Amino acid sequence: MSLMRDLRRLLRRFGADETGSTPVEGVLSVVVLAWWLAVSFQFTEAFRTRATNVKASYTIADAISRERAPVNDAYIDGLKKLFDYITQSKYDSWIRVSSIYWDAQQNQFRVDWSHATGSIPAQTDASIAKEADRIPAMPVGDTALVVETAMRFDPIFGIGIGSGWHNNFVVTRPRGFRVVWEN
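For the sequence shown, my numbering assigns the number 1184 to the initial residue and increments by one for each residue that follows.
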């Protein structure tokens, strides 16, 4: 029992001791502050990357909506280069541009033409039907451009945010003229 009593007395004395060591407290504080700085930097970088990705998507959508000449594979590949330039991304990315219209007889959206970069497939009537809730109502005879972009994001530190893709889905109307596809 003496051992237990001595251990209890030692623990009580340790718990009541209010003397501290400033260097030890400083080291603990520096560790916490360094962790907080790393987390703050990572979240800021994730939101900055996301915002840049959204801006680049809307820029591409606006550029193609103003196009009067027919577009083709080379034009869409050029838009991908523009997207990569704007985002200054070192990660994988892709874009997919589709021209859609509302088919009143079938009561669904239809794809007029679609082109994607990389290994992503072009939109089809079946795949665009799955996105119908993301597309605003359109009058019969009107067309819209759907610009989809995605960019991979890998955080610098493995704290709080995992790797993933920043995806955007932008629907815009052509400015004045219908954008046509040229093979």
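Beta carbons are placed, not taken as given, at the ideal position from N, Cα and C, and that holds for glycine.
Predicted model, so just to flag it, every value in this text is computed and none were measured.
- Boundaries of the beta strand (DSSP E) harbouring S1281: 1276–1286, taken from the DSSP string.
- S1282 places its beta carbon 9 Å or farther from that of A1333.
- Beta-bridge analysis with DSSP links S1297 to S1281.
- M1334 carries a strand assignment under DSSP once its states are collapsed to helix, strand and coil.
- Contact check for V1222 against G1343 passes: the beta carbons are separated by less than 9 Å.
- The DSSP-derived three-state label of F1352 is strand.
- Taking the Cα positions, T1270 is about 7 Å away from A1239.
- In this structure, P1322 keeps its C-beta atom at 9 Å or more from the C-beta atom of S1248.
- At a Cβ-Cβ threshold of 9 Å, V1329 and I1318 count as neighbours.
- In the three-state reduction of the DSSP assignment, G1359 falls in the coil class.
- When DSSP states are grouped into helix, strand and coil, G1347 belongs to the strand group.
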